[in-house]
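In the working numbering, the protein residues as written are 7 to 127. Ideal placement from N, C-alpha and C gives every residue a C-beta, glycine not left out. None of these values were measured; they are calculated from a predicted model.
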């Protein structure tokens with residue numbers, strides 16, 4: 007029997023992301039939270055990215071907000087995926103809000119982030 011820890015959950019979330027299984031990825035994050043398994047930036051980035059690819063911008067935002075509540079560090083990859091999800095979902099105000107939040111919390115923005123934010127407008 008394999009131990010359920012951050013590494014095994016992260017691998018499972020990454021596998022879900024590669025398969026486009028956003029619902030399973032987000033369920034795994036909930037399982038981690040309920041099981042008191044540490045959730046890290048890599049795990050969240052994979053889950054936000056799969057939501058972005060699936061066009062689930064509201065779920066991507068929910069995960070990003072959950073990172074703040076859970077005190078999980080947000081990075082450029084996670085925030086860019088959330089901005090891109092909002093762009094694809096036509097949620098320009100949310101995309102710009104993430105961009106402002108990134109500047110406020112000193113999360114580095116890159117060309118991908120700005121491009122998605124501009125496209126959202």
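Test item: CB-CB of residue i and residue j under 8 Å
i, j, result
"residue 88", "residue 70", "yes"
"residue 49", "residue 79", "no"
"residue 66", "residue 74", "no"
Option nearest residue i by Cα separation, candidates the options
i, options, result
"residue 125", "24, 36, 91 and 21", "91"
"residue 40", "84, 23, 11 and 86", "11"
"residue 68", "19, 35 and 115", "35"
"residue 95", "63, 21, 38 and 108", "63"
"residue 57", "77, 76, 82 and 27", "27"
"residue 17", "52, 33 and 85", "52"
Length of the line joining the Cα atoms of residue i and residue j
i, j, result
"residue 93", "residue 13", "31 Å"
"residue 59", "residue 44", "25 Å"
"residue 121", "residue 19", "27 Å"
"residue 99", "residue 109", "15 Å"
Environment of residue i [buried if 16+ CB atoms lie within 10 Å]
i, result
"residue 42", "exposed"
"residue 25", "exposed"
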